[in-house]
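A.B. asks: Here our numbering = 1-based position in the sequence shown + 8.
Note that CB positions come from ideal geometry on N, CA and C, so glycine has one too.
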Amino acid sequence: MTEERRFRDPVLADRIAEKIRSVAPKNDIIKICHVCGTHEWTISHYGIRSLLPKNVEVIAGPGCPVCIVPAAEIDEAVNLALKGVTIACFGDVLRVPGSEISLLDAKARGADVTVVYSAMDAVRMAKRNPGKDLVFFAIGFETTVPSTAVEVIKKPPKNFSFLISHRLIPPAMEFMLGIGDLHIDAFIAPGHVSTIIGLEPYEIFPKVYRMPTIIAGFEPLDILIAIYMALKQISERKAILENEYKRAVTWNGNIKAKALINRTFRVVNGAWRGLGRLPDSALKLIDDFIEYDAREKYGIKIERGRDILPGCQCHLVIIGKIKPTECPLFMKACTPQKPIGSCMVSSEGTCRIWARNMPL
Ligand code: SF4
Numbered sequence: 009m010t011e012e013r014r015f016r017d018p019v020l021a022d023r024i025a026e027k028i029r030s031v032a033p034k035n036d037i038i039k040i041c042h043v044c045g046t047h048e049w050t051i052s053h054y055g056i057r058s059l060l061p062k063n064v065e066v067i068a069g070p071g072c073p074v075c076i077v078p079a080a081e082i083d084e085a086v087n088l089a090l091k092g093v094t095i096a097c098f099g100d101v102l103r104v105p106g107s108e109i110s111l112l113d114a115k116a117r118g119a120d121v122t123v124v125y126s127a128m129d130a131v132r133m134a135k136r137n138p139g140k141d142l143v144f145f146a147i148g149f150e151t152t153v154p155s156t157a158v159e160v161i162k163k164p165p166k167n168f169s170f171l172i173s174h175r176l177i178p179p180a181m182e183f184m185l186g187i188g189d190l191h192i193d194a195f196i197a198p199g200h201v202s203t204i205i206g207l208e209p210y211e212i213f214p215k216v217y218r219m220p221t222i223i224a225g226f227e228p229l230d231i232l233i234a235i236y237m238a239l240k241q242i243s244e245r246k247a248i249l250e251n252e253y254k255r256a257v258t259w260n261g262n263i264k265a266k267a268l269i270n271r272t273f274r275v276v277n278g279a280w281r282g283l284g285r286l287p288d289s290a291l292k293l294i295d296d297f298i299e300y301d302a303r304e305k306y307g308i309k310i311e312r313g314r315d316i317l318p319g320c321q322c323h324l325v326i327i328g329k330i331k332p333t334e335c336p337l338f339m340k341a342c343t344p345q346k347p348i349g350s351c352m353v354s355s356e357g358t359c360r361i362w363a364r365n366m367p368l
């Protein structure tokens, strides 16, 4: 049996679900929060919530890197595009709403907005078109930051710069714990991010917040096992950091990738769509590379944008406060074909995932 199939084995899944039922507290409502679009996809696609006792809820935190890009940063990209700068971005970003229009709308108005698969693609494009000013809209969590950092260090051509919109996951988890009426009982931390940052940045959660924290992979059994580990800690009144995803995540993470990040970026406060500014949650190029910072190069910095359109509940979906189905626009005015909020745009957005996995 391949590793992938092993982690999708329905017989094993049933056995783990049984163990979950045996260890779960019987009366209290338990809320386990994950912070990863891919975790949400696996949970929804494989119907993992249906295997859990009724009092155990798994909620989706701010784990979709596209959904949390604030409107002001989309506005910066739109602004540049409408001024004649070529914007290179990931496909998911195109339809994310800005305060007034998206990058796709800007493209429809004649702006040069092009989809790339990586920062490297964008740099190549700039080299092929030396007469064009090109900006790569760099979004994503710790997982994608190293690929931006590599291109920064290689010193791209003069007609190239970065609009940095990278964000960091542990500060967002800390923010979640400050939301008074959410009452999270345990975290499932994202496997991809953890392959880069390792386990150490999560130590604060059990040590300071007494929060069971489990790093988990992305197959259905990874997530079921992580839920079991979290519930076991809760039932034993423990709060420790555990690694379910040992086949990919080590204590130190990816040392080379972390060194690249530290060589190119410093940590700053950053706005998250619908959540406001979170301390130490974003990255900015260090002064040595400031010539590649599009905000400095073009003198753009938009501080405020309209993150949430009337009726949209993305600010509540992003923190797991409500389910997508509790938004009155879900699958009525807001659909994957015609998204209104950012959570319906990306394949990692909770609303879009729920829309795609709803029973017919
Ligand atoms: S259904 Fe649409 S409008 Fe409602 S929260 Fe989700 S993305 Fe926002």
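1) Regarding V101 and ligand 1, is the C-beta to nearest heavy atom distance less than 6 Å?
2) With three or more C-beta pairs closer than 8 Å as the rule, is the segment 111-123 touching the segment 80-100?
3) Along the chain, where does the alpha helix (DSSP H) containing V66 start, and where does it finish?
4) Considering only their Cβ atoms, is the gap separating C75 from S243 smaller than 7 Å?
5) If contacts are defined as beta-carbon pairs under 8 Å, then A265 and P154 qualify, I think. What distance do you get, rounded to the angstrom?
6) Expressed to the nearest angstrom, what Euclidean distance is found between the alpha-carbon atoms of F226 and L59?
7) For A194, which residues does DSSP report across the bridge?
8) In whole angstroms, what is the alpha-carbon distance linking L229 and M237?
9) Under the criterion of a Cβ to heavy atom distance below 6 Å, does M219 qualify as lining ligand 1?
10) Restricting to Cα atoms, I'd like to know which of P61, L283, K309, I222 is closest to S30.
11) Which value, in whole angstroms, describes the spacing of the CA atoms of I204 and C44?
12) Where are the beta strand (DSSP E) runs, 3 residues long or more, that stay fully inside the segment 245-313, in chain order?
13) From the DSSP output, read off the bridge partner residues of G148.
14) Taking contact to mean 3 or more Cβ pairs, one atom from each stretch, closer than 8 Å, check whether the segment 138-157 and the segment 265-275 are in contact.
15) Tell me which residues share the same chain as L88 and place their Cβ nearer than 8 Å to its Cβ, disregarding the 5 neighbours each side in the sequence.
16) From L324 to V257, what distance separates their C-alpha atoms?
17) Which whole runs of the beta strand (DSSP E) in the segment 78-113 are 3 residues long or more, in chain order?
18) Between the C-alpha atoms of G92 and S52, what's the straight-line distance to the nearest angstrom?
19) Is P164 buried or exposed, if buried means 16 or more other CB atoms sit within 10 Å of its CB?
C.D. replies: According to the structure shown:
1) Relative to the non-hydrogen atoms of ligand 1, the Cβ of V101 never comes closer than 6 Å to any of them.
2) Result yes; three or more Cβ-Cβ pairs closer than 8 Å.
3) No alpha helix (DSSP H) contains V66, which is instead part of the beta strand (DSSP E) from 64-68.
4) no
5) 4 Å between Cβ atoms; contact.
6) 17 Å
7) Per DSSP, I40.
8) 12 Å
9) no
10) P61
11) The alpha-carbon atoms of I204 and C44 are separated by roughly 15 Å.
12) 249-251, 273-280, 284-293
13) H174
14) yes
15) I95, V143, L171, A302, Y306, I308
16) Distance between the alpha carbons of L324 and V257 is about 30 Å.
17) 94-97
18) 41 Å
19) buried
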